[in-house]
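Structure, as structure tokens:
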Amino acid sequence: MIPRGSAELRVLCPVAQRCLHTATSLLGGVPSQLSQNEQATAPTYMGYLAGAINAIMAKTAAASHLLGLRSDPAANAPTKPVVTQVSESGAPTKAQFLKHTFEKRTSRTEVTNKTKALVKQLLLAETSRSKLVRIQELSSHIISFPPTRIIAAHHPRLIADLLTTVKSPSVSDELRAEARQCLTLCGCQPAVKSRGVNLLSIDGGGTRGMMGLEVLEQLEQISGKKICELFDLVIGVSTGSIIASLLIGKGYSVGECRTVYTDVSKRLFAQNRLTGVSGVVLNHSYYDTKKWVKILKELFQIIGEDTTIIETSKTCVPRLSIVASIVNSPVLQPYIFRNYEAPAGRDSHYRGSTGYYIWQAIQASAAAPLYFEEVKLGNYVLQDGGVIANNPTAIGIHEAKLLWPEERLHCVVSVGNGRSPYIFRNYEAPAGRDSHYRGSTGYYIWQAIQASAAAPLYFEEVKLGNYVLQDGGVIANNPTAIGIHEAKLLWPEERLHCVVSVGNGRSICDLEQEQSMVPTALSSLQKFNRIVDSATDTEVVHMCMHDLLDQNVYFRLNPYMTSPYGLDEVDPEKWVLNRFPAFRFTNTVKIVGAIIGLNKCRLMRSDMFVEICRKWKMLLRGFFR
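Just so you know, the sequence shown maps onto residues 1 to 625 in full-length UniProt numbering.
Laid out in structure tokens, this is it:
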């Protein structure tokens, strides 16, 4: 019988009653019946314990009411949560909150022990079928817990066993493919195709990707090889992620890629203005995101909707990176979908994953603000990678250095999709050394300041000559890279001694608020389009690469546009108008140089050769002294 001091607990829940029974037994038990005098003078410890439990239960009831939990007074069993599944505010739903709170957490020791056990089971497997199952289990485990690749890779026999499986002619294709993927997850990389790492970077830019395809087609025609046969690492952002996935994930030629790309553009962007404006108001998405997802799933139906990006590594294809932007963090930062893992102990500077589907990676990378809805994957809200890095060359170089730390960059090909900034100068470049950027020395200072400070939606744009100019901060709010380029033009023989970059403490949150404004009129929408167009500029990054890398290493292929070209342009006449200049543009010499570099065989590393020559000259100088 429960003591009188806990009588109020009878109506609460059996859990509290069991707790009270346990506490009672630990205290040595109490009389089953007490007289009235004894009840009045009984010790108050049990009453205190009952009050404490009652207070806890009251707080639990309040929290349950806040979370939407309901109790069944007629039932004697613990209550079941009744929660809503949708949160319009974008915050975690109640179901997600409860799942995260009560889910079973796996300790680090358990994960480590399981990794070692899976490796041991794989090495003990005797039949091909058993080995296939064990490899799949280990791969799935590493995808779920990426840091465990370090434990697996450090096993003295695992890598050698997997390499033997890949090279053995007697194993099945399925087993060989799974072993190759497991090696990739453990951080093992294939040998590079030439004297060093060949990197291909493809910019974003909406349907302007048609011009990038023209450039890539010239590469294929001159080399006689597919793109996937020329490069070790391919990285793409926004529309570049679509092209990269088709060329690498599906092994398409550029011609096949153009056919699919054209069909997708026509299907997706064939929409009337009224539907688009209503979509912006209701979903912050001018185009139908559900239709876009459906097209992506159909596009990769040969690979399969359930195919993750890491599964493309089962065949001998280049490493693939798709760049998106994390927008729910205090600072905008890239998020990379990879079909590889970095070697043990060499983690990337950028967050990313290998476990998502290819169509999810493309959807996130191409989710341009106000064009498509943002993508929620795990704990991240992702948008178009072009918001932060529309030219992903720098990210690609970082990833290449991680994958092949002992190899030099042999050939970097950056494919753009159209370009344009304007600089007011009080100088002219030396003869024969024209600046990459357009500009003038003939305007008044006040005109230059007015144009440079004409922030969209704050001031009117400035019309000077044939140009309509807006705030330079839209395209390069930190002009350091442009300054370095101009300095190299003016003093080509001098090194950079001191570079001081003075910022003004601008908050990234303010920038996000400006970019998320919903236009109220068509003119505002047009101005917003200028902001989106500016976000797709890539030439600042290009000039950094051009100035910092050797000319025989970095090749920028980016044609000029003959007419204004929107992100969602589907007019066939404009496609043709911009296609032929792209086909005949003046970078043919660069294409030939890139092909020569890509096809050089591995003899002696050029940097080693230069170092040997330098030491030999020093020896000769010392000898003749």
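Beta carbons are placed, not taken as given, at the ideal position from N, Cα and C, and that holds for glycine.
Straight-line gap, residue i to residue j (C-alpha atoms, nearest Å)
| i | j | result |
| --- | --- | --- |
| SER241 | GLU341 | 19 Å |
| GLY212 | GLY416 | 6 Å |
| ALA153 | TYR467 | 58 Å |
| PRO369 | SER321 | 21 Å |
| LYS376 | PRO330 | 16 Å |
| SER107 | ALA594 | 50 Å |
| GLY205 | ILE326 | 19 Å |
| ARG149 | LYS114 | 12 Å |
| GLU298 | SER130 | 34 Å |
| ALA367 | GLN383 | 5 Å |
| THR308 | PRO343 | 20 Å |
| PRO430 | GLU494 | 14 Å |
| THR441 | LEU598 | 41 Å |
| PHE555 | ILE235 | 15 Å |
| TYR350 | SER144 | 18 Å |
| ARG70 | GLY378 | Residue placement at ARG70 is flagged as unreliable, the pLDDT there being 47, under the threshold of 50; the coordinate-derived value follows with that caveat. Between ARG70 and GLY378, the C-alpha separation is close to 28 Å. |
| SER265 | GLY385 | 19 Å |
| LEU489 | ASP203 | 26 Å |
| residue 627 | ARG425 | This structure cannot speak to residue 627, because the chain is shown only from 1 to 625. |
| LEU158 | SER168 | 15 Å |
| TYR371 | ARG273 | 12 Å |
| THR275 | GLU428 | 50 Å |
| LYS401 | GLY279 | 42 Å |
| ILE151 | LYS116 | 7 Å |
| TRP250 | ALA270 | It is Lys, not Trp, that sits at residue 250 in the sequence shown. Distance between the alpha carbons of LYS250 and ALA270: 26 Å. |
| VAL592 | ILE222 | 8 Å |
| VAL268 | THR262 | Looking at the sequence itself, residue 268 is Leu, so the reference to Val does not match. Distance between the alpha carbons of LEU268 and THR262: 10 Å. |
| GLU373 | GLU126 | 50 Å |
Per-residue DSSP class, three states only, for residue i
| i | result |
| --- | --- |
| GLN447 | helix |
| THR308 | strand |
| CYS186 | coil |
| ARG208 | helix |
| GLN221 | helix |
| ASP434 | coil |
| ALA244 | helix |
| HIS410 | strand |
| ASP263 | helix |
| PHE145 | coil |
| ASN198 | strand |
| PHE269 | helix |
| LEU496 | coil |
| GLN333 | strand |
Closest by C-alpha distance to residue i, when choosing among the options
| i | options | result |
| --- | --- | --- |
| TRP359 | SER329, ILE449, LEU296 | LEU296 |
| LEU163 | ARG346, PRO146, THR148, ILE135 | ILE135 |
| ASP155 | THR275, CYS498, TRP292, LEU123 | Checking the sequence, you will find His at residue 155 rather than Asp. Of the listed residues, the one whose Cα sits closest to HIS155 is LEU123. |
| CYS411 | VAL327, LYS193, CYS316 | LYS193 |
| LYS314 | LEU490, ASN599, VAL166 | VAL166 |
| ARG258 | ASP347, LYS290, MET210, GLU229 | MET210 |
| ALA394 | GLU374, SER201, ILE142 | SER201 |
| ILE248 | PHE300, PRO169, ASN426 | PHE300 |
| TYR443 | ALA451, LEU489, HIS436 | ALA451 |
| SER140 | ILE484, ALA400, THR354, GLY439 | THR354 |
| VAL387 | PHE269, GLY483, GLY279, VAL323 | VAL323 |
| VAL277 | LEU598, LEU268, TYR287 | TYR287 |
| LEU175 | CYS186, ASP161, LEU132, VAL197 | LEU132 |
| GLU399 | ALA177, ALA364, ASN198 | ASN198 |
| GLY196 | ALA455, GLY187, PHE231 | PHE231 |
| PRO334 | SER365, PRO318, GLU126, TYR357 | SER365 |
| ASP306 | VAL260, ASN328, ALA361 | ALA361 |
| PRO190 | VAL111, SER170, ASP173, PRO405 | PRO405 |
Residue-level contact to chain C via CB, residue i, 8 Å cutoff
| i | result |
| --- | --- |
| HIS485 | Looking for chain C here will not work: only one protein chain is present. |
Local Cβ density within 10 Å of residue i, reported as buried at 16 or more and exposed below that
| i | result |
| --- | --- |
| ALA491 | In the sequence under discussion, the amino acid at residue 491 is Trp, which differs from the Ala named in the question. The residue in question, TRP491, is exposed, as its Cβ has fewer than 16 Cβ neighbours within 10 Å. |
| TYR252 | buried |
| TRP292 | buried |
| LYS208 | For clarity, residue 208 is Arg in the given sequence; the question names Lys instead. Flag for ARG208 reads buried. |
| PRO147 | exposed |
| CYS316 | exposed |
| GLY255 | exposed |
| ASP434 | exposed |
| ASP471 | buried |
| ASN478 | exposed |
| GLY187 | buried |
- Message: Taking contact to mean 3 or more Cβ pairs, one atom from each stretch, closer than 8 Å, check whether the stretch 206 to 216 and the stretch 178 to 191 are in contact.
- Response: no
- Item | At least three beta-carbon pairs within less than 8 Å, the stretch 230 to 239 to the stretch 282 to 291 | no
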